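A.B. asks: Going by the working numbering, the sequence shown opens with residue 1, and the numbers climb by one from there. All residues carry an ideal CB built from backbone N, CA and C; glycine is no exception. Because the structure is a prediction, the values reported are computed rather than measured. Once you've had a glance at the structure underneath, I'll fire off some questions.
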Amino acid sequence: MWTLVGRGWGCARTLARWATGAALGPAPTFGAAPESWPTCRVYSSAEFKEKLDMSRFPVESIRNFSIVAHVDHGKSTLADRLLELTGTIDKTENNKQVLDKLQVERERGITVKAQTASLFYNCEGKQYLLNLIDTPGHVDFSYEVSRSLSACQGVLLVVDANEGIQAQTVANFFLAFEAQLAVIPVINKIDLKNADPERVENQIEKVFDIPSDECIKISAKLGTNVESVLQAVIERIPPPKVHRKNPLRALVFDSTFDQYRGVIANVALFDGVVSKGDKIVSAHTQKTYEVNEVGVLNPNEQPTHKLYAGQVGYLIAGMKNVIEAQIGDTLYLHKQPVEPLPGFKSAKPMVFAGMYPVDQSEYNNLKSAIEKLTLNDSSVTVHRDSSLALGAGWRLGFLGLLHMEVFNQRLEQEYNASVILTTPTVPYKAVLSSSKLIKARRAVQKNMIFIDQNRVMLKYLFPLNEIVVDFYDSLKSLSSGYASFDYEDAGYQTAELVKMDILLNGNTVEELVTVVHKDKAHSIGKAICERLKDSLPRQLFEIAIQAAIGSKIIARETVKAYRKNVLAKCYGGDITRKMKLLKRQAEGKKKLRKIGNVEVPKDAFIKVLKTRSSK
1 MWTLVGRGWG
11 CARTLARWAT
21 GAALGPAPTF
31 GAAPESWPTC
41 RVYSSAEFKE
51 KLDMSRFPVE
61 SIRNFSIVAH
71 VDHGKSTLAD
81 RLLELTGTID
91 KTENNKQVLD
101 KLQVERERGI
111 TVKAQTASLF
121 YNCEGKQYLL
131 NLIDTPGHVD
141 FSYEVSRSLS
151 ACQGVLLVVD
161 ANEGIQAQTV
171 ANFFLAFEAQ
181 LAVIPVINKI
191 DLKNADPERV
201 ENQIEKVFDI
211 PSDECIKISA
221 KLGTNVESVL
231 QAVIERIPPP
241 KVHRKNPLRA
251 LVFDSTFDQY
261 RGVIANVALF
271 DGVVSKGDKI
281 VSAHTQKTYE
291 VNEVGVLNPN
301 EQPTHKLYAG
311 QVGYLIAGMK
321 NVIEAQIGDT
331 LYLHKQPVEP
341 LPGFKSAKPM
351 VFAGMYPVDQ
361 SEYNNLKSAI
371 EKLTLNDSSV
381 TVHRDSSLAL
391 GAGWRLGFLG
401 LLHMEVFNQR
411 LEQEYNASVI
421 LTTPTVPYKA
431 VLSSSKLIKA
441 RRAVQKNMIF
451 IDQNRVMLKY
461 LFPLNEIVVD
471 FYDSLKSLSS
481 GYASFDYEDA
491 GYQTAELVKM
501 DILLNGNTVE
511 ELVTVVHKDK
521 AHSIGKAICE
531 RLKDSLPRQL
541 FEIAIQAAIG
551 SKIIARETVK
561 AYRKNVLAKC
571 YGGDITRKMK
581 LLKRQAEGKK
591 KLRKIGNVEV
601 PKDAFIKVLK
611 TRSSK
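In structure tokens:
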């Protein structure tokens with residue numbers, strides 16, 4: 001961004017025309033010129049805004065914390081109020097989800113990406129640096145939460161005063177508890193008519209063993225008692241345990257890709273100091289880079305002279321390849337090697353889908369887009385795949401169906417990529433009459449353990465194909481979000497499997513060909529046909545949707561054709577004339593059906609994935 005400075009409106013207007021023509025970036029902003037500056041000069045934002053001196057924040061004045069909660073309990077609203085109270089942003093009525101920067105977050109009204117903001121707060125005459133990380137609340141983005149906690153010493157556990165403790169409240173508490181972080185319970189939405197903060201206090205004390213007098217009751221929407229949250233952060237969350245005199249040791253806990261500057265890494269410094277011009281080494285790739293810029297997020301990028309141990313900020317070091325920036329990597333100074341930090345446990349995908357470019361000529365562009373987006377969302381697993389009908393593509397693993405939809409939406413919005421999503425593919429071993437093996441699924445209960453009076457652990461042996469589609473979503477729905485799920489590979493077993501084709505007017509849709517168990521073929525085929533019927537747009541001809549095993553049709557649905565009233569011009573007369581018109585119309589539609597093509601909309605593939613009946 002550029003700031004245009006000049007004495008007089010005419011000068012600034014001239015500069016604006018010149019800058020726009022010179023393509024210096026987004027629309028310029030206008031600023032008043034200090035007396036010592038020459039007339040009509042263009043300054044970058046880095047020059048116009050003095051760099052922050054982070055050395056004035058000793059370790060004991062730093063607090064690193066995350067806001068965690070169940071979805072829609074008010075995390076982002078609380079973050080907005082904290083930004084306002086610390087003067088980070090101006091207090092206006094438009095401050096809604098300020099840290100939700102992605103278009104998909106604004107459209108859906110949920111947080112899908114953890115965002116960092118450094119707040120400067122004066123308490124009793126002492127200046128504090130508060131590094132806040134706002135995290136997602138939906139279970140599909142829990143990996144964002146676990147990564148964010150690695151850069152923190154405490155959390156604000158937000159609970160809705162009306163809803164009380166819910167699934168992700170429990171899950172996030174245990175993530176913080178296992179990481180040995182300080183937990184500050186915050187009961188939000190006390191302004192609601194049906195709010196019952198006393199009941200929620202008792203829940204928190206019973207489930208989490210946190211005394212009720214430690215709970216802070218607030219209304220983030222109205223700003224009621226929010227200042228006490230900042231006081232609690234300073235008093236209850238300890239400063240980071242770091243050593244600034246030791247060699248640099250920085251953890252990369254998140255990153256984004258900029259077309260012009262390369263990888264922008266979000267780092268938490270555990271030891272040492274880093275500044276512009278330093279040569280650093282990646283513990284993962286062993287490559288050396290020169291630091292081009294360091295800074296903090298306030299909540300936008302604000303360059304600083306240096307970053308010190310205990311602080312959280314961003315670092316740009318000329319990493320042009322997304323493969324070079326690994327989440328969980330440790331950065332250290334050249335010729336000063338250190339013991340790498342533990343990093344992060346890999347996310348375990350719950351939903352799989354094939355992804356292909358609409359046109360194979362766009363393969364390389366889509367590959368680049370997926371690589372850049374997975375840099376920002378490292379919970380997605382990517383494996384190369386190919387299809388006879390669709391060509392080269394990828395098999396992607398997601399943490400849930402919402403995660404998959406958001407990833408697809410971000411590809412379209414941020415990278416203008418158009419893709420085809422197909423049903424999941426699972427490897428099988430099939431024993432044929434010959435000795436040839438090709439890549440060939442019901443559940444058997446193995447164990448049941450009562451953990452306590454309220455929780456039970458069930459252990460089953462599942463075929464993989466039973467769980468990769470919507471099993472996890474169904475489990476969460478049936479248990480109101482309280483059940484959790486994990487799995488590990490148990491090898492191959494023999495099963496009676498059949499290949500099921502989906503036909504549109506007799507033509508096989510290769511993207512929907514799947515392998516199913518013989519006993520469930522009819523129900524699965526019927527469900528897919530019904531969903532396709534609801535998803536396909538009507539045509540001028542009839543569309544027959546069929547599920548087939550070999551030459552046997554096991555399910556069928558029909559999309560009726562648009563029908564023109566050819567009898568409208570007939571007023572009375574012989575019936576044979578009407579029959580002739582109707583016969584001619586039927587012959588025309590029959591001919592059109594033979595030559596007409598049926599295109600399956602992209603969103604139809606996602607709808608087919610949700611095979612659980614909604615009836």
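Identify the continuous alpha helix (DSSP H) that holds Phe344 and give its terminal residues.
C.D. replies: Position 344 of the sequence shown, counted from the start, is the residue given in the question as residue 344. No alpha helix (DSSP H) contains Phe344, which DSSP labels as neither H nor E.
A.B. asks: Have a look at Asp534, Leu78 and Met457 and flag the residue whose alpha-carbon is nearest the alpha-carbon of Thr135.
C.D. replies: Your numbering for residue 135 matches position 135 in the sequence shown. The shortest C-alpha separation from Thr135 is found at Leu78.
A.B. asks: Tell me whether Arg201 is buried or exposed, calling it buried when 16 or more other Cβ atoms sit within 10 Å of its Cβ.
C.D. replies: Here residue 201 is taken as the residue at index 201 of the sequence shown, counted from 1. Contrary to the premise, residue 201 reads as Glu rather than Arg in this sequence. Label assigned to Glu201: buried.
A.B. asks: By alpha-carbon positions, which one of Ile190, Tyr121 and Ala151 ends up nearest to Gln115?
C.D. replies: Taking the first residue of the sequence shown as position 1, residue 115 is located at position 115. Cα-wise, what sits closest to Gln115 is Ala151.
A.B. asks: Expressed to the nearest angstrom, what Euclidean distance is found between the alpha-carbon atoms of Val242 and Val273?
C.D. replies: Looking up residue 242 in the sequence shown gives position 242. Looking up residue 273 in the sequence shown gives position 273. Taking the straight line from one Cα to the other gives about 11 Å.
A.B. asks: Within its chain, find whatever has a CB closer than 7 Å to the CB of Leu85; leave out the 5 residues flanking it on each side and keep chain order.
C.D. replies: Numbered from 1 along the sequence shown, position 85 holds the residue referred to as residue 85. Excluding sequence neighbours, Leu85 sits near Val226, Glu227 and Leu230.
A.B. asks: Report yes if the CB atom of Val296 is closer than 8 Å to the CB atom of Gln302, and no otherwise.
C.D. replies: Taking the sequence shown and counting its residues from 1, the one referred to as residue 296 is at position 296. Taking the sequence shown and counting its residues from 1, the one referred to as residue 302 is at position 302. Yes, the pair counts as a contact, with Cβ atoms nearer than the cut-off.
A.B. asks: Using C-beta distances below 8 Å, list every residue in its chain close to Ser435, excluding the 5 sequence neighbours before and after it, in chain order.
C.D. replies: Counting from one through the sequence shown, the residue named residue 435 turns up at place 435. Because the pLDDT of Ser435 is 46, which lies under 50, any placement of that residue in the model is unreliable, and the question is left without a value.
A.B. asks: For Met627, which of helix, strand or coil comes out of DSSP?
C.D. replies: Nothing about residue 627 can be read from this structure; the chain reaches only from 1 to 615.
A.B. asks: Nearest to Lys281 by alpha carbon, out of Asp329, Phe270 and Ala232?
C.D. replies: Here the question's residue 281 lines up with position 281 in the sequence shown. Reading off the sequence, residue 281 comes out as Val, not Lys. Closest option to Val281, Cα to Cα, is Asp329.
A.B. asks: If you count every other CB in all the chains shown that lies within 10 Å of the CB of Lys499, and 16 or more means buried, which is it?
C.D. replies: In the sequence shown, counting from the first residue as 1, residue 499 sits at position 499. When all chains shown are included, Lys499 counts as exposed.
A.B. asks: By DSSP's criteria, Leu52 is part of a beta bridge. Which residues make up the other side?
C.D. replies: Looking up residue 52 in the sequence shown gives position 52. In DSSP, Leu52 forms a bridge with Thr304.
A.B. asks: CA-CA distance, His403 and Ile110?
C.D. replies: Mapped onto the sequence shown, residue 403 falls at position 403. Mapped onto the sequence shown, residue 110 falls at position 110. Distance between the alpha carbons of His403 and Ile110 is about 12 Å.
A.B. asks: Does Lys241 come out as helix, strand or coil in the three-state DSSP assignment?
C.D. replies: Here residue 241 refers to the residue found at position 241 of the sequence shown. Reduced to three states, the DSSP call for Lys241 is coil.
A.B. asks: Quick check on the burial criterion: 16 or more other C-beta atoms within 10 angstroms. Buried or exposed for Ala309?
C.D. replies: Numbered from its first residue, the sequence shown carries residue 309 at position 309. So Ala309 ends up on the buried side.
A.B. asks: Is the stretch 48-65 close to the stretch 125-134, with three or more CB pairs under 8 Å?
C.D. replies: Yes: the two stretches touch, three or more of their Cβ pairs being nearer than 8 Å.
A.B. asks: Give me the DSSP bridge partner(s) of Ser418.
C.D. replies: As a first step, residue 418 must be located in the sequence shown, where it is residue number 418. Beta-bridge pairing links Ser418 to no other residue.
A.B. asks: If you follow the alpha helix (DSSP H) that Phe471 is in, where does it begin and where does it stop?
C.D. replies: Residue numbering aside, residue 471 sits at position 471 when the sequence shown is read from its first letter. Run containing Phe471: Phe471 to Leu478, per the alpha helix (DSSP H) assignment.
A.B. asks: In the DSSP assignment, find the beta strand (DSSP E) that holds Asn447 and state where it starts and stops.
C.D. replies: Position 447 of the sequence shown, counting from 1, holds the residue named residue 447. Taken as a continuous stretch (DSSP letters only), the beta strand (DSSP E) holding Asn447 covers Val444 to Phe450.
A.B. asks: Comparing C-alpha positions only, which one of Thr374, Ala347, Asn298 and Gly397 sits nearest to Ala325?
C.D. replies: Locating residue 325 in the sequence shown gives position 325, where the first residue counts as 1. Nearest C-alpha to Ala325: Thr374.
A.B. asks: Look at the alpha carbon of Lys594 and the alpha carbon of Ile467, and state the distance between them as a whole number of angstroms.
C.D. replies: Taking the first residue of the sequence shown as position 1, residue 594 is located at position 594. Taking the first residue of the sequence shown as position 1, residue 467 is located at position 467. With a pLDDT of 48 at Lys594, under the threshold of 50, the predicted position of this residue should be treated as unreliable, though the coordinate-derived value follows. Using only the alpha carbons, I get a separation of about 39 Å.
A.B. asks: Identify which residue in Ile449, Glu414, Ser386 and Lys446 has its Cα closest to the Cα of Ile420.
C.D. replies: The residue you call residue 420 lines up with position 420 of the sequence shown. Checked all of Ile449, Glu414, Ser386 and Lys446; the closest Cα to Ile420 is Ser386.
A.B. asks: Out of curiosity, what's the CA-to-CA distance linking Ser551 and Arg538?
C.D. replies: Start at 1 with the first residue of the sequence shown, and residue 551 comes out as number 551. Start at 1 with the first residue of the sequence shown, and residue 538 comes out as number 538. If I take the Cα positions, the gap works out to 26 Å.
A.B. asks: How would you call Trp9, buried or exposed, if buried means at least 16 neighbouring beta carbons within 10 angstroms?
C.D. replies: Sequence index remark: in the sequence shown, residue 9 carries index 9 (1-based). Here Trp9 scores only 36 on pLDDT, less than 50, and its place in the model should not be relied on; the value that follows carries that caveat. It counts as exposed.
A.B. asks: Closest to Leu540 by CA distance: which of Tyr562, Glu530 and Leu399 is it?
C.D. replies: Position 540 of the sequence shown, counted from the first residue, corresponds to residue 540. Of the listed residues, the one whose Cα sits closest to Leu540 is Tyr562.
A.B. asks: Using only the alpha-carbon positions, how far apart do Val158 and Lys189 sit?
C.D. replies: Translated into the one-based positions of the sequence shown, residue 158 becomes position 158. Translated into the one-based positions of the sequence shown, residue 189 becomes position 189. The straight-line gap from Cα to Cα measures roughly 10 Å.
A.B. asks: Please determine if the stretch 332-351 and the stretch 91-104 are in contact, where contact requires at least 3 C-beta pairs separated by less than 8 Å.
C.D. replies: Because the criterion of three Cβ pairs below 8 Å is not met, the stretch 332-351 and the stretch 91-104 do not touch.
A.B. asks: Fully enclosed by the stretch 192-219, which alpha helix (DSSP H) runs are 4 residues long or longer?
C.D. replies: Here the runs fully enclosed are 197-208.
A.B. asks: Within a Cβ cutoff of 8 Å, which residues of the same chain sit near Glu205, ignoring the five residues on either side of it in sequence?
C.D. replies: As a first step, residue 205 must be located in the sequence shown, where it is residue number 205. Excluding sequence neighbours, Glu205 sits near Pro211 and Ser212.
A.B. asks: With a 10 Å radius around its C-beta and 16 neighbouring C-beta atoms as the bar for buried, classify Thr169 as buried or exposed.
C.D. replies: Position 169 of the sequence shown, counted from the first residue, corresponds to residue 169. With 16 or more Cβ atoms within 10 Å of its Cβ, Thr169 is classed as buried.
A.B. asks: Got a sec, what are the start and stop residues for the alpha helix (DSSP H) Phe253 sits in?
C.D. replies: By 1-based counting over the sequence shown, the position of residue 253 is 253. Premise fails: Phe253 lies in the beta strand (DSSP E), Arg249 to Asp258, not in any alpha helix (DSSP H).
A.B. asks: Since Thr86 is in the alpha helix (DSSP H), which residue starts that stretch and which ends it?
C.D. replies: Residue 86 sits at position 86 when you count from the first residue of the sequence shown. First-last for Thr86: undefined, no H or E at that position.
A.B. asks: Could you check whether Ala195 and Pro238 sit closer than 8 Å to each other, using their CB atoms as the reference points?
C.D. replies: Locating residue 238 in the sequence shown gives position 238, where the first residue counts as 1. Locating residue 195 in the sequence shown gives position 195, where the first residue counts as 1. In this structure, Ala195 does not lie closer than 8 Å to Pro238 by Cβ.
A.B. asks: So is Gly25 buried or exposed if we call it buried at 16+ other beta carbons inside 10 Å?
C.D. replies: Numbered from its first residue, the sequence shown carries residue 25 at position 25. Confidence at Gly25 is low in this model, with a pLDDT of 40, below 50, so the placement of that residue should be treated as unreliable; the coordinate-derived value is given next. Its Cβ having fewer than 16 others within 10 Å, Gly25 is exposed.
A.B. asks: Note down the Cα distance separating Ser146 from Leu175, rounded to an integer number of angstroms.
C.D. replies: Sequence index remark: in the sequence shown, residue 146 carries index 146 (1-based). Sequence index remark: in the sequence shown, residue 175 carries index 175 (1-based). Cα to Cα, the separation comes out at about 7 Å.
A.B. asks: Which residues bound the beta strand (DSSP E) around Gly501?
C.D. replies: Stepping through the sequence shown from its first residue, residue 501 is reached at position 501. Checking the displayed sequence, the identity of residue 501 turns out to be Asp instead of Gly. Asp501 -> beta strand (DSSP E) spans Leu497 to Leu504.
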